[in-house]
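Worksheet for the structure shown next.
4 protein chains.
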Amino acid sequence: MNPSVLRTASRHLRAANRLNRTSAASRSAPIRGYKTAFNWEDPLVASELFTEEELAIQDTAKRYCQEQLQPRILEAYRNENYDRQILNEMGELGLLGANIKGYGCAGASTVASGLITKEVERVDSGYRSGMSVQSSLAMTAIHDFGTQELKDRLLPELARGKLAGCFGLTEPNHGSDPGSMETVAREHPTKKGYYLLSGTKTWITNSPLSDLFVVWAKLDGKIRGFAVERSQCPEGTLTTPAIKNKTALRASITGMIQMDDCPVPAENMFPDVTGLVGPFTCLNSARLGIAFGAMGALEDCLDRARTYALERKQFGSPLAKFQLIQKKLVDAATDAAYGTLAATQVARLKDAGKSCPEMISMVKRQNCDRALVNARILQEVLGGNAASDEYHIARHVANLFVVQTYEGQSDIHSLILGRAITGLQAFVPK
Amino acid sequence: MNPSVLRTASRHLRAANRLNRTSAASRSAPIRGYKTAFNWEDPLVASELFTEEELAIQDTAKRYCQEQLQPRILEAYRNENYDRQILNEMGELGLLGANIKGYGCAGASTVASGLITKEVERVDSGYRSGMSVQSSLAMTAIHDFGTQELKDRLLPELARGKLAGCFGLTEPNHGSDPGSMETVAREHPTKKGYYLLSGTKTWITNSPLSDLFVVWAKLDGKIRGFAVERSQCPEGTLTTPAIKNKTALRASITGMIQMDDCPVPAENMFPDVTGLVGPFTCLNSARLGIAFGAMGALEDCLDRARTYALERKQFGSPLAKFQLIQKKLVDAATDAAYGTLAATQVARLKDAGKSCPEMISMVKRQNCDRALVNARILQEVLGGNAASDEYHIARHVANLFVVQTYEGQSDIHSLILGRAITGLQAFVPK
Amino acid sequence: MNPSVLRTASRHLRAANRLNRTSAASRSAPIRGYKTAFNWEDPLVASELFTEEELAIQDTAKRYCQEQLQPRILEAYRNENYDRQILNEMGELGLLGANIKGYGCAGASTVASGLITKEVERVDSGYRSGMSVQSSLAMTAIHDFGTQELKDRLLPELARGKLAGCFGLTEPNHGSDPGSMETVAREHPTKKGYYLLSGTKTWITNSPLSDLFVVWAKLDGKIRGFAVERSQCPEGTLTTPAIKNKTALRASITGMIQMDDCPVPAENMFPDVTGLVGPFTCLNSARLGIAFGAMGALEDCLDRARTYALERKQFGSPLAKFQLIQKKLVDAATDAAYGTLAATQVARLKDAGKSCPEMISMVKRQNCDRALVNARILQEVLGGNAASDEYHIARHVANLFVVQTYEGQSDIHSLILGRAITGLQAFVPK
Amino acid sequence: MNPSVLRTASRHLRAANRLNRTSAASRSAPIRGYKTAFNWEDPLVASELFTEEELAIQDTAKRYCQEQLQPRILEAYRNENYDRQILNEMGELGLLGANIKGYGCAGASTVASGLITKEVERVDSGYRSGMSVQSSLAMTAIHDFGTQELKDRLLPELARGKLAGCFGLTEPNHGSDPGSMETVAREHPTKKGYYLLSGTKTWITNSPLSDLFVVWAKLDGKIRGFAVERSQCPEGTLTTPAIKNKTALRASITGMIQMDDCPVPAENMFPDVTGLVGPFTCLNSARLGIAFGAMGALEDCLDRARTYALERKQFGSPLAKFQLIQKKLVDAATDAAYGTLAATQVARLKDAGKSCPEMISMVKRQNCDRALVNARILQEVLGGNAASDEYHIARHVANLFVVQTYEGQSDIHSLILGRAITGLQAFVPK
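Residue numbers (our numbering), protein chains in the order written: chain A, 633 to 1062; chain B, 633 to 1062; chain C, 633 to 1062; chain D, 633 to 1062.
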């Protein structure tokens, strides 16, 4: 692990006020005959599965998120206003590309990386999206597929948040089926050693403010990846209009990538990867992060609904004393606990070289589905006050719908898994 | 029925382009051996249950809503900007207080009134809320409980939308349990024939722009109703700040009613009704409207999801050809059809004097629950595009959550019905 | 309507102890200001939609079912022992083929017919299956497609229950897709005016005790219908082994129809109908009956769970006072009320010549789905006692699963409706 | 670990035909770029969390269950006929009380013990119930609370299946609320050193054939535990009638324990435990086993539904190629994988002394709920054939309902967890 991050983390570790594991409030008294008390914030003690280092990293992330991101979220979401500075802040703490070794990255485990995304998404899925795109999509693509020159030049800048990156796969007519993409690359007719990219990508997180664009395009019919650097694109060949009036993830910035004979040096093409393996490798990294992240958003909803239910009285009792309310809290706590265990298991398998993409489909699908279902139910606890954005759960609900949808809509993951279970594909109707 | 409304309606009725029942597109060819073809927009032919007059009124309302309201909704929702002019437009068409007889109201059936709310909510639940508050809450209160003088003076103005009305029951600390309200009335210590009202009502649709406030307050411990006229309130005794940054119903305007020794003439108190019977009578009228309205919002989601699924291709086929997509459409169509039948049945029973509040609880609860569940599922059909507000379903989803919550949260109606079914109350935990 | 049935019905009608509408127990006191009290057994007052005649027929059926069938059900189900005598009893009361005009049938409305099936299924879906096969499948087939000679000869005997009938469509390898049937008819090579039938039908209710078999077979590749009379079949050409050890519907008898060059006179072939229109016409009749019947089973579950919840005390209170219990009862009551309204609507449309098969798919699918879901939830109210068959709900649950599955599995109806809504078929994967 | 069991297990381990982990059929080919292929039988590779010893024990158990229990289940279930010999067989293999150290027990980990219950319940929940009662309830009670003399004398006989044990807590009027039990113990009025037990226990697995009864009764108002030995009870003081005509768990034997001044030696009373801590300790052991077991039943349903879907063709394709079918398989596989991880986590915590009862409530509740929900959905895959008991899923469905209900009904565990999360109890309505 990168020493500077470790140092920060350890310092926090030693600090008395460990935010998430020592709060007396989250534990009931142990039942007679048992040494251990139930901790509603971690009911199945997932923390036992994490190393001290991982816990320290989580604490660092949590502290940053609660102290620096949480106060900004309402205004950011209301105004669809993403603060570019956040990437720099995350970069300084070592949160970007955290599981990449070298290049100024923390070199932490996949679990640690997942815990970071969980803490960011506890605040907001949009903030987490901005980070995921930088880390799992842009940086992973460069790291896994780029030339050594690209890695040496770009990764440290991306890790520190000096450069912002994004990932251009989805097109207006091709969401769940990226293999049909229409964006093309062709050899530059006159300028040797260059390709020209043309086509449109949409729903691209970070695109309007990105410096680096990982773009997938068909070259002679084969999907290839390109690192497109905005600074090198002649005016008019690369435009990145923002998409406004979003119904969710309003604290992230989203846009299009419009390329019109945009020239890219040949050495910016990923040399060895062709087909969908390239983008899917990055997506799998992001998806595993989402499986952690969604649990963070769900836990925040649970925390807020529980607090509200304890404080709000109706018919002379706190709402928390109503059976129908308790059931909502219990269902959510259970799914959050299960989902965290499952994501952790896949992250461990990944670091051991024993994972496969279908496992990631399973935890991405299930954790997003359950986070969304439970967040919606927890929103009911707030009653009419749910309509005020200051109670936050409505924002998580809106966000989680999109989180369930992007990077593999739930049904698409069902069909990926269905194919793995049955050996038969059911994507294409007759 | 009020002749002017009838006239308008009949004209529309004769017009060739009946919007909702003759469109060829909504009918498949009949199956061999059957004269009737399936109409996905009205699968169980609820229209057979409506009179020609009711259908004509629905057409009038639908035309207005699609032509006048639909074009305004995106901007209104984005900016939380309710156009006060809408009440005047509705008033001109006879849509306000439509089932009141006399006082310039249309005197239509409860079914007709329900069909109007359905058409308005097909556009937006916020627009419907604004209308419901005017019609079912403010006007019904005046009509059922006010003195003849109040009726004669206020109803015609409310019916034409010249005056805007609202309904102050909910308080910051008392949502589901209005019997615990803290707002009080007391005799004016010096000015005879006046009461002084003090207290705060919140989440009041229309309050910031209302001229007339139906306010419920405790006088000597008994709940009484008052018609508070803004024009008569000395400065500082009545303030109505808007609540902004709402997570839904942003096309309606919502606020508080803050009363500080606000003087109200004794003749503005409802003379004969005490206790919760008064407000609950109005709420029951509104709730039945909501049971219709929610079906309108759901049908709009269905229409949009179906159109999208037919136009959007993935893996070489329209989405509509995928089994998982078809099931979503079918579930929604079924619940919309069932809910419309049930609401119609209760409306008919009401006009026949055979309804009771629990019936309304049943259809309010079920239709809101099912509208919300299905709208959420239909939103999935849109995939990533659901995140753009121009696809509208996300707005319905956000709205329907609040619609499910207000005027009796779903769980509260469960307990109302549970008490009716078992004879035992379960509202109050020990 | 057949006078004898009418007479019986009217007598019951006048009788003081109207079983289902006057029981004081099922009504709570009216809420202040309302004349009508909520009746948990008919929350949306579907009875208002029925004629006096229909109500009288329902009462007749209910009395018979509760007095004659209910006492037999436990032993019948335990031992998979269907009492053939039941058909005779039903025949005497006019319950068989009740909506056929003439031929000794009651000539009642489709609604009345539906109410009969509802009352029978209130006792047991297996008893209802035995009756439906006789009425909706065998008799409807003869009535709608048979020659006048067949009708005159067979219908009166079937109506009185002297002959037992069944319906052979499903084959071992062809359930949801009957168009692929393998049973064939060919002209008798030597005996003029005869066809030979060969093939196997399975899951045929009533087959082991049937006298008359409506069998669908391919003649020169076209599906044709035949009335096969057991008495005319030479030994060995028609065998009907029972299927034992069923997991549900154990009070009905189920078997196969094995035909090995079984000779059938040409005049027993239905002259004018070819293809799937024939069997589907009968199935649609049966399916509409099932939509009513499933509501009967659900209402019985509700009644039993409610009674148990009122009588059983835990933690010092009747279960009925628990919020989580009340919600289960309320959900079930709501779905039962909605389903009854919808089935009634389709039955009315059918009698008016305004129905189509997709409407029946909708109410069959939805009512079966909801009956099953709610019956399962109501079973939870019984706690451990659910494991005793004397509490009955477990039997309904097991039955309703099969009822949801036969005559169009829920998913198949989804695809039928999906095709009607979208115009695209999704039955056949690539 | 007991050497003899270990020896058996290791032998199996070395055997070539490892039943559950090496079957090529359950793995698809790895996706390009990944070494690991998805294994639908263990999608999240829970096996990585088990020691070689635990896997060996699972294999031993699985072999026995598939070879010895599976062939007996249909007849046992049909005829409600539990084969007492099974306890002896299980005893010989070391499966009884497997996580007890000493006394001839295997001394395996709690995870190993859970894997045994999973394999038994993969065949049938009734067989698992018979084993759980012996192991987790009777043996745990003796082991944790009995005198050394009782342990030395009874545990080895129970471990070998020579003695059959059961556990008497539930009473006819007290299911979810055992603290209200009516069974009493009093000092023998004449025979010193003896107590007299009177009262009735019901729904007691194994009672009709048990030799040893762990019975909980109130002595001077305090709950105490007694080891009642049938051989020592005078005739008429202890009767154990079987409960027949069960709707589920028919392969286990269930009955009552009726005690009428049944004399028990004072040394058979558990000396140090009073109150509900005693029975709840045993229940928690059993419940954790159930959390594993339910996953076994679910996996069997998945396996059978998948096989059926691959073999059964409709509309020209295997069912497994239908999207709606694939989704059912995927949902089930996901919940089985998640549930196994969660149960394993709690078992590990238990062995580390870090568990608490609420954790067990969580995994018992969730795993039972999800097993039941998914088993029901998988049953739909079978279509009409689900009605034949030879397809097995209907049996699992019926069993799992009871498994969800006993040892803490799902709602009760919700309230246990709700109390732990909120600090407020909601068991007792006003």
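For each residue, glycine too, the CB sits at the ideal point set by N, CA and C.
Would you grab the beta carbon distance between residue i and residue j for me? Rounded to a whole angstrom, and I think it's under 8 Å.
| i | j | result |
| --- | --- | --- |
| Leu-908 (chain B) | Ile-855 (chain B) | 6 Å |
| Asn-838 (chain C) | Ile-889 (chain C) | That belief does not hold up - the Cβ atoms of Asn-838 (chain C) and Ile-889 (chain C) are roughly 10 Å apart, past 8 Å. |
| Arg-710 (chain C) | Asn-1031 (chain D) | At roughly 18 Å, the Cβ-Cβ gap does not stay under 8 Å, so Arg-710 (chain C) and Asn-1031 (chain D) are not in contact. |
| Asp-932 (chain A) | His-806 (chain A) | Contact flag wrong, Cβ pair sits at about 33 Å. |
| Tyr-735 (chain D) | Pro-788 (chain D) | 5 Å |
| Gly-1050 (chain C) | Lys-959 (chain B) | 7 Å |
| Thr-815 (chain A) | Ala-849 (chain A) | 4 Å |
| Ile-1025 (chain A) | Ala-1019 (chain A) | Not a contact, Cβ separation roughly 11 Å. |
| Leu-790 (chain C) | Met-771 (chain C) | 5 Å |
| Ile-732 (chain C) | Gly-739 (chain C) | 7 Å |
Answer yes or no: does any C-beta atom of chain D fall closer than 9 Å to that of residue i?
| i | result |
| --- | --- |
| Val-995 (chain A) | yes |
| Arg-919 (chain C) | no |
| Ser-768 (chain A) | no |
| Val-1034 (chain C) | yes |
Distance cutoff 9 Å, beta carbons only. Does residue i sit that close to anything in chain B?
| i | result |
| --- | --- |
| Arg-704 (chain C) | no |
Residues bridged to residue i by DSSP?
| i | result |
| --- | --- |
| Leu-829 (chain B) | B:Ala-817 and B:Cys-894 |
| Phe-799 (chain D) | D:Val-846 |
| Ala-738 (chain A) | A:Lys-733 |
| Lys-986 (chain C) | Paired residue(s): none; Lys-986 (chain C) is not in a bridge. |
| Lys-876 (chain A) | None; Lys-876 (chain A) has no bridge partner. |
Hey, quick one: how far does the alpha helix (DSSP H) through residue i stretch, first residue to last?
| i | result |
| --- | --- |
| Leu-787 (chain D) | 780 to 791 |
| Leu-981 (chain B) | 955 to 983 |
| Cys-1000 (chain B) | 989 to 1013 |
| Lys-694 (chain C) | 684 to 696 |
| Met-771 (chain B) | Run containing Met-771 (chain B): none; DSSP gives neither H nor E here. |
| Pro-703 (chain A) | 702 to 711 |
| Phe-1033 (chain D) | 1025 to 1037 |
| Thr-1054 (chain D) | 1042 to 1054 |
Could you spell out the range, first to last residue, of the beta strand (DSSP E) harbouring residue i?
| i | result |
| --- | --- |
| Gly-907 (chain D) | Taken as a continuous stretch (DSSP letters only), Gly-907 (chain D) belongs to no beta strand (DSSP E), as it is neither H nor E. |
| Lys-854 (chain D) | 854 to 861 |
Mind checking if residue i is an interface residue toward chain A, Cβ cutoff 9 Å exclusive?
| i | result |
| --- | --- |
| Ala-1007 (chain D) | no |
| Ala-941 (chain C) | no |
| Pro-662 (chain C) | no |
So is residue i in contact with chain C if we call contact Cβ pairs under 9 Å?
| i | result |
| --- | --- |
| Ala-937 (chain A) | no |
> Going along the segment 950 to 977 of chain B in order, which residues come within less than 7 Å of chain D, judged by CB to CB distance?
Replying inline: Listed by position along the chain: Phe-954, Gln-955, Leu-956 and Lys-959.
> Any residues in the segment 728 to 747 of chain C with a beta carbon nearer than 9 Å to a beta carbon of chain A? Which ones, in chain order?
Replying inline: Contact residues of the segment 728 to 747 of chain C toward chain A are absent (C-beta to C-beta distance below 9 Å).
>> Tell me which residues of the segment 833 to 862 of chain C have at least one Cβ-Cβ distance to chain D shorter than 7 Å, keeping chain order.
In response: Here the close residues are Trp-835.
> What residues in the segment 672 to 704 of chain B bring their beta carbon closer than 9 Å to a beta carbon of chain C?
Replying inline: Residues passing the 9 Å Cβ filter: Trp-672, Pro-675, Leu-676, Val-677, Ala-678, Glu-680 and Leu-681.
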